[in-house]
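Here is the structure we will look at.
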DNA sequence: TAGTGGTCTAGACCACCAC
DNA sequence: TGGTGGTCTAGACCACTAG
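Protein chains in written order, with the working numbering: chain F, 11 to 254; chain D, 11 to 254.
This is the structure we're talking about:
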């Protein structure tokens, strides 16, 4: 076998091993990892090589390091999830914290388009095609602002429709109960006329121009874990994003 | 004087020095920097410390490294600028390359809001408040899709209204002629009703829902270099972005 | 005081490129 | 063949944390 085709730097191999363990839930959220020297000895590399892999994971917000204490699995708190992935801001730029109310919850089969968006067909033949659809209203300063439908594949979130209560930011639940750590979201935005049936929920007139966002949320293992669609009035706020 | 308050790691000092030189145009776009060892000797640090600073600049797309050849200043080509900062995509996800037509060009005073957005007041008292406003139509597949107004402060872009021709992606011009390297853009998106005077330019009906984006473009020195506003129909495409 | 991560150095070896 | 960046190691010293 040729080595050149398979060659991976040691730090990359260490990185992959760590990702694998984190994906498998080997270390729980907020848990401390072994020290750099301990990991280095276990994997048979130098401490500097482990450090390089750890720094990469820190850059991806998967780990956090605290000088003098240790290296920890990032915890998706309500606040950090909001701050990181919730992109609506006041026109001035101030952060907004929405409150959230679930208005419907249904277990059903995914449609063809949803199967594609959730990449359910690529998993395996005879894949579980059931999903839970959660419909929520998110309010800002007490006023309804965002109408959102979230799709959760049952293949990933077993019996999530049996949860007693859904938190404001679902990602904390995903991490704690289902070993799903969202590390990336992919948004697609369009301006559309507000559908009449949604207008009621937002106290807006039908056909008002609203922002429609579709979001695929990516797990640490690189696969789509959740897909959602939202309608948002941008009369009082903006979708704010920085590209580097 | 206390050292602790001013303490900066060596690699950070090297980084700052390099940023300063790049901002000043000490190295031109596409130019090769000295080798790691040469920089290390010049700055009195080890090669590993220089490497850490260089890698940071590579991560920020400011430098590119080619194994066996050297380290170069990133060049803002038409293609790379488009791919990096132009976020409109077909619903399927394929890249779009717009063509661009300038329909108006005016030199005038900035309004109060524009002064704030361009941060002209923070530069110095008696700052130059003149701007050039370029109005452009960007077409995709030959059909007008985006109506855009770009504001260029004369304090940064001297006599830019005298340019014979403006390229499709302005950032290449900024880098080549004005020593401005855009390293970040901050977008704010809203859904609005298409104003009547703009509807004509886009062959759309007035009041159609369109995406309105406001963009501040940030120079390598961290300051706003350009501010623009655009109206875009999203009937056939989406604004696509990934958050990590 | 002991253990952790943070910085910095020096040096070895490899892969790639150009002459 | 010589110069460049890419990887890896080993070790020193510092700063922070906790008992």
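Backbone N, C-alpha and C define an ideal beta-carbon position, used for all residues, glycine too.
Within-9 angstroms CB hit, residue i to chain D
i	result
residue 14 of chain F	For residue 14 of chain F, the predicted structure reports a pLDDT of 36, less than 50, and the residue's modelled location is therefore unreliable. The matter cannot be settled from this model.
residue 163 of chain F	no
residue 221 of chain F	yes
residue 254 of chain F	yes
residue 46 of chain F	no
Beta carbon proximity, residue i to chain F, threshold 9 angstroms
i	result
residue 244 of chain D	yes
residue 157 of chain D	no
residue 249 of chain D	yes
residue 124 of chain D	no
residue 129 of chain D	no
residue 224 of chain D	yes
Helix, strand or coil at residue i [DSSP, three-state]
i	result
residue 31 of chain F	helix
residue 48 of chain F	helix
residue 38 of chain D	coil
residue 79 of chain F	coil
residue 233 of chain F	coil
residue 185 of chain D	helix
residue 122 of chain F	helix
residue 201 of chain F	strand
residue 89 of chain F	helix
residue 140 of chain F	strand
residue 147 of chain F	strand
residue 23 of chain D	helix
residue 196 of chain F	strand
residue 68 of chain D	helix
residue 209 of chain F	helix
residue 115 of chain F	strand
residue 62 of chain F	helix
residue 159 of chain F	strand
residue 170 of chain D	helix
residue 95 of chain D	helix
Chain-order list of residues whose beta-carbon lies under 7 angstroms from that of residue i (same chain, five-residue window excluded)
i	result
residue 217 of chain F	203, 204
residue 117 of chain F	140, 142, 171
residue 20 of chain D	55, 59
residue 87 of chain D	182
residue 106 of chain F	98, 99, 100, 150, 247
residue 33 of chain D	230, 231
Through-space distance from residue j to residue i, alpha-carbon basis
i	j	result
residue 96 of chain D	residue 232 of chain D	20 angstroms
residue 45 of chain F	residue 239 of chain F	41 angstroms
residue 31 of chain D	residue 37 of chain D	7 angstroms
residue 78 of chain F	residue 25 of chain F	22 angstroms
residue 153 of chain F	residue 213 of chain F	9 angstroms
residue 39 of chain D	residue 163 of chain F	48 angstroms
residue 43 of chain F	residue 73 of chain F	9 angstroms
residue 62 of chain F	residue 62 of chain D	11 angstroms
residue 250 of chain F	residue 161 of chain F	24 angstroms
residue 174 of chain D	residue 50 of chain D	43 angstroms
residue 121 of chain F	residue 57 of chain F	49 angstroms
residue 176 of chain F	residue 180 of chain D	47 angstroms
residue 114 of chain F	residue 200 of chain F	24 angstroms
residue 89 of chain D	residue 236 of chain D	20 angstroms
Other residues of its chain near residue i: CB distance less than 6 angstroms, five sequence neighbours each side excluded
i	result
residue 146 of chain F	110, 112, 158
residue 93 of chain D	none
residue 191 of chain F	185, 230
residue 125 of chain D	131
residue 206 of chain D	216
residue 241 of chain F	157, 208, 220, 222
residue 12 of chain D	Note that residue 12 of chain D scores a pLDDT of 31, beneath 50, so its modelled location is shaky and nothing firm can be said.
residue 189 of chain D	35
residue 167 of chain D	188
residue 224 of chain D	198, 239
residue 244 of chain F	221
Sequence-distant residues of its chain with Cβ nearer than 8 angstroms to residue i (five each side left out)
i	result
residue 234 of chain F	127, 128, 129, 226, 227, 228
residue 194 of chain F	227, 228
residue 75 of chain D	64, 68, 81, 82
residue 52 of chain F	44
heavy atom of the ligand FMN below 8 angstroms from residue i C-beta
i	result
residue 26 of chain D	Although the ligand FMN was asked about, the structure shown includes no ligands whatsoever.
* Asked: If contact means a Cβ-Cβ distance below 9 angstroms, which residues of the stretch 194 to 205 of chain D contact chain F?
  -> The stretch 194 to 205 of chain D vs chain F, Cβ under 9 angstroms: 194, 195, 196, 197, 198, 199, 200, 201, 202, 203, 204.
* Can you list, in chain order, the residues of the stretch 172 to 191 of chain D whose Cβ is nearer than 8 angstroms to any Cβ on chain F? -> Answer in chain order: no residues at all.
* Asked: According to a CB-to-CB cut-off of less than 8 angstroms, which residues of the stretch 75 to 108 of chain D neighbour chain F?
  -> Of all residues in the stretch 75 to 108 of chain D, only 94, 95, 97, 99, 101 place a beta-carbon less than 8 angstroms from a beta-carbon of chain F.
* Taking Cβ-Cβ distances below 9 angstroms as the criterion, which residues of the stretch 55 to 76 of chain D are in contact with chain F? -> Only those residues of the stretch 55 to 76 of chain D whose C-beta falls short of 9 angstroms from the nearest C-beta of chain F are listed: 69, 70, 71.
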